[in-house]
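Engineer:
Residue numbers (the numbering used here), protein chains in the order written: chain A, -9 to 260; chain B, 111 to 386.
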């Protein structure tokens, strides 16, 4: 069995070079200036972007809450369907997920356009054209649309394990539909909720594609600012790294907050 | 009443999920460039798509990078899983914790952190951004999925199998290839498929690690969306949609059939038993 432990050595070397060191580089860049000497200036310069940071967190939270509200009944309905229907419904949820997400976002770009299909349709009734794109609502819609399956799938995977007899027992003992949800289904779904919240919040708070395509530069998020520091016009990887560091701290905070709710092995894998 | 409201809810949800994609597909056959007004049927955009050299070379690049990255990460990940499986609890949990990082870390952070690493390689050893940096980056986010798929198979494997093979005259090497590998093969295969799909689909990490010379399909698509109107994108979405649906539906049908067959066999066996 000794030789078999050695099989992990290439992987350990790999994660050192391609996971640990790159994250270390972010910390180093965040705390140095272009000449390489130590500075906290990058972190102070972040204060200019505080509003962007708060907007990112706010948008991601709204998107996560909407996803949770939409996904909860959907996951429950699927989990109570016949087993053959269940697997077909799950495939139907997954198909859009496997379509390139830039294409999906592009579809909304075209639908929401002032001359797009939705406005044309509303025009038939003499409404509009409405301003549907390049605003906060469009960005949040993009997040909900792209990441909704990430909420449905983990919720489904815990709800499917809830025994029907537990639900029937609650009903027999006189529980109303509301208290059935609040006192039985919700507590039993907690591990799925925490996984789903993280799975929606993390990509939402760090996106730059959705805000660029559907926000049209009006609602820049922290991801847009990071992107522009590395590949865009305002090249400054030191400031960009400081922002990436702050973003990582936010994500870690969210994770530690939500991992308390359930053991994370359950339903953690989508 | 409850059944009906559930049905309406699910129909509304699927309309929300599929309507944008279906609109793209319908307008891929539209004669004019408009995405709002139907002016007549055409296949032109499909023909233009296949004649578009940038798209076709991006497709080829995507296939090369995805296949290379997923084959290499399958090998690296399977070896890692075998090693991790035989480790003690503490070192196992440390490694699994680090393995979790690429899965939960925001993609943009993985992208920029690898970009910084490759920039360092460029400055120190004349490394160049391109295929190699893309494959290295893709392996880094692919390997965890291979490990996650192989480890459970190792855990559920009966440890006596290897002993039995050895008792029957296999040496360790032969026991490994004849017993362990076939046992964990389904996990290796699904890990490989997951790595492949994540690689093909990736945009963010490729965006930061590809440099300017090599474009993958996702990057080419993103560049296309920056132009005002481009109906070739619609044609491309339609093709991707058909391919993905075909794969997932076939997989689902096969699994259902297998399930049904197993149930039928189980029932037949029961009947036989009760007959005796």
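No residue lacks a Cβ here, since even glycine has one placed at the ideal position from N, Cα and C.
(1) Do you know offhand how far residue 202/B's Cα is from residue 291/B's?
(2) Of the residues that make up the stretch 100 to 118 of chain A, which ones have a beta carbon closer than 7 Å to any beta carbon in chain B?
(3) Please give the ranges of any alpha helix (DSSP H) in the stretch 111 to 190 of chain A, keeping only runs that are unbroken, at least 4 residues long and fully inside the region.
(4) Please name the residue, chosen from 280/B, 267/B, 379/B and 214/B, that lies closest to residue 193/A on a Cα-to-Cα basis.
(5) Strictly by DSSP, which residues pair up with residue 28/A?
(6) Measuring straight from C-alpha to C-alpha, what distance separates residue 187/B and residue 139/A?
(7) Rounding to the nearest angstrom, what Cα-Cα distance links residue 249/B and residue 329/B in this structure?
(8) Enumerate in chain order the residues of its own chain whose CB-to-CB distance from residue 222/B is below 8 Å, with the five nearest sequence positions on each side excluded.
(9) What three-state label does DSSP hand residue 270/B in the structure shown?
(10) Taking residue 90/A as the query, report the chain B residues whose CB atoms sit under 7 Å from its CB, ordered along the chain.
(11) Let me know if residue 374/B comes out buried or exposed under the rule of 16 or more other beta-carbons within 10 Å of its beta-carbon.
(12) Can you find a CB in chain A that lies within less than 8 Å of the CB of residue 305/B?
(13) Excluding the five sequence neighbours on either side, which residues of its own chain have a C-beta within less than 6 Å of the C-beta of residue 241/A, listed in chain order?
(14) Alpha carbon to alpha carbon, how far is residue 149/B from residue 140/B?
(15) Would you kindly check if the distance between the Cβ of residue 157/A and the Cβ of residue 170/A is under 8 Å?
(16) Look at the alpha carbon of residue 115/B and the alpha carbon of residue 142/A, and state the distance between them as a whole number of angstroms.
(17) Can you list the alpha helix (DSSP H) stretches of 4 or more residues lying completely in the stretch 0 to 83 of chain A, in chain order?
(18) Give a yes or no on whether the minimum CB-CB distance between residue 51/A and chain B is below 8 Å.
(19) Which of the residues in the stretch 224 to 251 of chain A, read from start to end, lie with their CB under 7 Å from any CB of chain B?
(20) Chain A beta carbons: is any one of them nearer than 8 Å to that of residue 273/B?
(21) State the Cα-Cα distance for the pair residue 62/A and residue 276/B, rounded to the nearest angstrom.
(22) I'd like the span of the alpha helix (DSSP H) that includes residue 210/A, first residue to last.
(23) Return the CA-CA distance between residue 1/A and residue 189/B, expressed in angstroms with no decimal places.
(24) Would you call the stretch 258 to 275 of chain B in contact with the stretch 293 to 301 of chain B, where contact means no fewer than 3 C-beta pairs closer than 8 Å?
(25) Whose Cβ in chain B lies nearer than 8 Å to the Cβ of residue 44/A?
(26) Can you give me the C-alpha to C-alpha distance between residue 146/A and residue 70/A, rounded to a whole angstrom?
(27) Who pairs with residue 140/B in a beta bridge, going by DSSP?
(28) At 9 Å on the CB atoms, spell out the chain B contacts of residue 20/A, in chain order.
(29) Classify residue 40/A: buried if its beta carbon has 16 or more other beta carbons within 10 angstroms, exposed otherwise.
(30) Are the CB atoms of residue 209/A and residue 146/B within a distance shorter than 8 Å?
(31) Taking Cβ positions, are residue 152/A and residue 178/A nearer each other than 8 Å?
(32) Taking C-beta to C-beta, are residue 281/B and residue 77/A nearer than 8 Å?
(33) How would you list, in chain order, the residues of chain A whose beta-carbon sits under 8 Å from the beta-carbon of residue 214/B?
(34) Taking all protein chains shown into account, do 16 or more other C-beta atoms lie within 10 angstroms of the C-beta of residue 364/B, making it buried, or fewer, making it exposed?
Structural biologist: This is what the structure holds:
(1) Here the question's residue 202/B lines up with position 92 in the second chain. Here the question's residue 291/B lines up with position 181 in the second chain. C-alpha separation (whole angstroms): 21 Å.
(2) Answer set for the stretch 100 to 118 of chain A: 100, 101, 105, 106, 107 and 110.
(3) You should have 126 to 149, 154 to 162 and 167 to 170.
(4) Here residue 193/A refers to the residue found at position 203 when the first chain is read from its first residue. When each option's Cα is compared against that of residue 193/A, the closest is 214/B.
(5) Taking the first chain and counting its residues from 1, the one referred to as residue 28/A is at position 38. Note: residue 28/A sits in a beta bridge opposite 22/A.
(6) For the purposes of this step, residue 187/B is identified with residue 77 of the second chain, where counting begins at 1. For the purposes of this step, residue 139/A is identified with residue 149 of the first chain, where counting begins at 1. Those two C-alpha atoms are separated by around 27 Å.
(7) Position 139 of the second chain, counted from the start, is the residue given in the question as residue 249/B. Position 219 of the second chain, counted from the start, is the residue given in the question as residue 329/B. Residue 249/B and residue 329/B: Cα-Cα distance of roughly 18 Å.
(8) If you number the second chain from 1, residue 222/B lands on position 112. Shown here for residue 222/B: same chain residues with a beta carbon closer than 8 Å to its own, the five before and five after excluded, namely 318 in chain order.
(9) Locating residue 270/B in the second chain gives position 160, counting from the first residue. Looking at residue 270/B - three-state DSSP - the assignment turns out to be helix.
(10) Here residue 90/A corresponds to residue number 100 of the first chain, with the count starting at 1. Residues of chain B passing the Cβ test: 311, 328, 331 and 350.
(11) The residue you call residue 374/B lines up with position 264 of the second chain. By the 10 Å Cβ count, residue 374/B comes out exposed.
(12) In the second chain, the residue the question calls residue 305/B occupies position 195. No, residue 305/B lies away from the interface with chain A (no Cβ there is under 8 Å from its Cβ).
(13) In the first chain, residue 241/A corresponds to position 251, counting from 1. Cβ neighbours of residue 241/A beyond the five flanking positions: 192.
(14) Indexing the second chain from 1 puts residue 149/B at position 39. Indexing the second chain from 1 puts residue 140/B at position 30. In this model, residue 149/B and residue 140/B are separated by some 6 Å (Cα to Cα).
(15) On the first chain, position 180 is the one that residue 170/A refers to. On the first chain, position 167 is the one that residue 157/A refers to. Against a cut-off of 8 Å, the Cβ pair of residue 157/A and residue 170/A comes out as a contact.
(16) If you number the second chain from 1, residue 115/B lands on position 5. If you number the first chain from 1, residue 142/A lands on position 152. Rounded to whole angstroms, the gap between the alpha carbons of residue 115/B and residue 142/A is 18 Å.
(17) Note on the stretch 0 to 83 of chain A: whole alpha helix (DSSP H) runs with a minimum of 4 residues are 11 to 20, 31 to 35 and 40 to 69, in chain order.
(18) As a position in the first chain, residue 51/A is number 61, starting the count at 1. No, residue 51/A does not count as interfacial toward chain B.
(19) So the list reads 227, 230, 234, 237, 238, 241 and 245, given in the order they occur along the chain.
(20) Counted from its first residue, the second chain places residue 273/B at position 163. Closer than 8 Å: no.
(21) The residue given as residue 62/A occupies position 72 in the first chain. The residue given as residue 276/B occupies position 166 in the second chain. Linking residue 62/A to residue 276/B through their CA atoms gives a straight-line distance of about 51 Å.
(22) In the first chain, counting from the first residue as 1, residue 210/A sits at position 220. Segment: none, residue 210/A is in no alpha helix (DSSP H) and carries neither H nor E.
(23) One-based indexing of the first chain puts residue 1/A at position 11. One-based indexing of the second chain puts residue 189/B at position 79. Roughly 8 Å separates the two Cα atoms.
(24) Yes, the stretch 258 to 275 of chain B is in contact with the stretch 293 to 301 of chain B.
(25) In the first chain, residue 44/A corresponds to position 54, counting from 1. Here the premise fails: no neighbours, minimum Cβ distance about 17 Å.
(26) Residue mapping note: residue 146/A aligns to position 156 of the first chain, counting from 1. Residue mapping note: residue 70/A aligns to position 80 of the first chain, counting from 1. Their backbone Cα atoms lie some 10 Å apart in a straight line.
(27) For the purposes of this step, residue 140/B is identified with residue 30 of the second chain, where counting begins at 1. BP columns for residue 140/B point to 151/B.
(28) Looking up residue 20/A in the first chain gives position 30. Residue 20/A does not reach chain B, its nearest Cβ partner there being about 11 Å away, counting only Cβ pairs nearer than 9 Å.
(29) Numbered from 1 along the first chain, position 50 holds the residue referred to as residue 40/A. Residue 40/A comes out exposed.
(30) Taking the second chain and counting its residues from 1, one reaches residue 146/B at position 36. Taking the first chain and counting its residues from 1, one reaches residue 209/A at position 219. No, the Cβ-Cβ distance between residue 146/B and residue 209/A is not below 8 Å.
(31) Against the first chain, residue 152/A aligns to sequence position 162. Against the first chain, residue 178/A aligns to sequence position 188. Taking C-beta atoms as the reference points, residue 152/A and residue 178/A count as a pair closer than 8 Å.
(32) As a working note, residue 281/B is residue 171 in the second chain. As a working note, residue 77/A is residue 87 in the first chain. Contact: no.
(33) Start at 1 with the first residue of the second chain, and residue 214/B comes out as number 104. Going along chain A in sequence order, the residues near residue 214/B (Cβ under 8 Å) are 188, 192, 241 and 245.
(34) Translated into the one-based positions of the second chain, residue 364/B becomes position 254. Counting Cβ neighbours within 10 Å, residue 364/B comes out exposed, since fewer than 16 surround it.
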